[in-house]
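Written out below as structure tokens is the structure these notes cover.
Following this line, the structure appears as structure tokens:
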């Protein structure tokens with residue numbers, strides 16, 4: 004533990020126990036965190052280390068430390084040091100991870116560790132956006148269009164040049180065939196999101212405005228991808 008001059012305040016933190024909760028509780032936590040004033044905090048109890056929360060909370064102006072108090076019991080303390088960011092800009096995280104502990108608590112821990120190793124490890128050689136594009140293409144090939152959409156939104160929000168998406172969709176047409184592309188990919192929400200990016204860029208719109216429109220029309224919460 005370091006820089007924990009706020010440690011003596013944790014007893015007053017709002018306590019949120021999400022063990023055993025089904026579905027995606029991350030959105031609710033983000034909204035609660037965004038409302039807390041500077042100088043207050045939140046204690047999150049989970050059966051696995053809540054690694055997906057760390058970056059989100061940091062974007063909202065929080066620092067944290069986490070304790071493992073028992074097998075499959077983690078207490079993560081988040082303290083707000085500054086008011087910054089907003090819920091809309093916070094990155095989406097794989098909500099399915101929160102379902103694994105219902106099957107087996109150890110499986111929940113393994114899933115989070117695997118996600119962290121795949122997307123956050125400094126040992127990864129390929130650029131983050133390149134890995135997102137690889138994941139997008141693999142997801143399309145496997146018929147997982149919701150995942151493909153998430154990767155596209157994350158990559159563009161992370162500064163990806165839309166010309167890279169030109170290459171990706173050209174490769175999809177080449178590898179999957181013109182007929183499949185025309186009947187399955189071109190009418191899909193995924194391709195509509197790509198077209199929206201290209202059209203708004205051609206109109207001279209700022210990236211922030213484009214990202215906002217993408218979130219409004221195509222985020223996971225809208226349920227546009229099956």
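Residue numbers (our numbering): 4 to 229. Even glycine gets a Cβ: it sits at the ideal position worked out from N, Cα and C.
Strand pairing of residue 81, partner residues [DSSP]
Walking along the chain shown from the start, residue 81 turns up at place 78. Paired residue(s): 45 and 67.
If you scan the region 126-174 from start to end, which runs of the alpha helix (DSSP H) of 4 or more residues do you find wholly inside it?
With a minimum length of 4 residues, the continuous alpha helix (DSSP H) runs that stay inside the region 126-174 are 131-144 and 148-160.
Residue 111 to residue 37, Cα distance in whole Å?
Indexing the chain shown from 1 puts residue 111 at position 108. Indexing the chain shown from 1 puts residue 37 at position 34. Residue 111 and residue 37 have their C-alpha atoms roughly 26 Å apart.
Which residues share a DSSP beta bridge with residue 73?
As a first step, residue 73 must be located in the chain shown, where it is residue number 70. Residue pairing by DSSP puts residue 73 in a beta bridge opposite 76.
Pull up the distance between the alpha-carbon of residue 113 and that of residue 66, whole angstroms please.
Numbered from its first residue, the chain shown carries residue 113 at position 110. Numbered from its first residue, the chain shown carries residue 66 at position 63. Straight-line Cα distance between these residues: approximately 24 Å.
On the DSSP bridge list, what partners appear for residue 17?
To locate residue 17, count along the chain shown from 1; it is residue 14. Bridge partners of residue 17: 45.
C-alpha distance - residue 199 paired with residue 217, whole-angstrom precision:
Reading the chain shown from its first residue, position 196 is the one you call residue 199. Reading the chain shown from its first residue, position 214 is the one you call residue 217. A direct Cα-to-Cα measurement between residue 199 and residue 217 gives close to 8 Å.
Excluding five sequence neighbours on each side, which residues of the same chain lie with their C-beta closer than 8 Å to the C-beta of residue 69?
To locate residue 69, count along the chain shown from 1; it is residue 66. Around residue 69: 52, 53, 77, 78, 79 and 80.
Near residue 212, which residues of its chain fall below 8 Å by C-beta distance, leaving aside the five closest residues on each side in sequence?
Position 209 of the chain shown, counted from the first residue, corresponds to residue 212. Closer than 8 Å at Cβ, skipping near neighbours: 203.
Determine the extent of the alpha helix (DSSP H) in which residue 204 is found, giving its start and end residues.
Locating residue 204 in the chain shown gives position 201, counting from the first residue. 192-205 is the extent of the alpha helix (DSSP H) around residue 204.
Residue 46 and residue 17: beta carbons closer than 8 Å?
Sequence index remark: in the chain shown, residue 46 carries index 43 (1-based). Sequence index remark: in the chain shown, residue 17 carries index 14 (1-based). Going by C-beta atoms, residue 46 is nearer than 8 Å to residue 17.
Rounded to a whole number of angstroms, what is the C-alpha to C-alpha distance between residue 61 and residue 32?
Numbered from its first residue, the chain shown carries residue 61 at position 58. Numbered from its first residue, the chain shown carries residue 32 at position 29. Here the C-alpha atom of residue 61 lies approximately 13 Å from the C-alpha atom of residue 32.
Quick check on DSSP: helix, strand or coil for residue 123?
Counting from 1 along the chain shown, the entry for residue 123 is found at position 120. Per DSSP, reduced to three states, the secondary structure at residue 123 is helical.
Please report the residue range of the alpha helix (DSSP H) in which residue 221 lies.
On the chain shown, residue 221 is found 218 positions in, with the first residue counted as 1. Segment 210-221, the alpha helix (DSSP H) holding residue 221.
Same chain, Cβ closer than 7 Å to residue 139, five either side skipped, listed in chain order:
Counting from 1 along the chain shown, the entry for residue 139 is found at position 136. For residue 139, same chain residues with a beta-carbon under 7 Å away, outside a window of 5 residues either side, are 151, 154, 155 and 171 in chain order.
Out of 197, 119 and 9, point me to the one whose CA is closest to residue 44's CA.
For this step, residue 44 is matched to residue 41 along the chain shown. Taking the Cα of residue 44 as reference, the smallest distance to any Cα among 197, 119 and 9 is reached at 9.
Same chain, Cβ closer than 7 Å to residue 50, neighbours up to 5 away in sequence not counted
Stepping through the chain shown from its first residue, residue 50 is reached at position 47. Cβ neighbours of residue 50 beyond the five flanking positions: 22, 75, 76, 104, 108 and 111.
Less than 8 Å between the C-beta atoms of residue 143 and residue 175, yes or no?
Here residue 143 refers to the residue found at position 140 when the chain shown is read from its first residue. Here residue 175 refers to the residue found at position 172 when the chain shown is read from its first residue. Note that the C-beta distance between residue 143 and residue 175 is below 8 Å.
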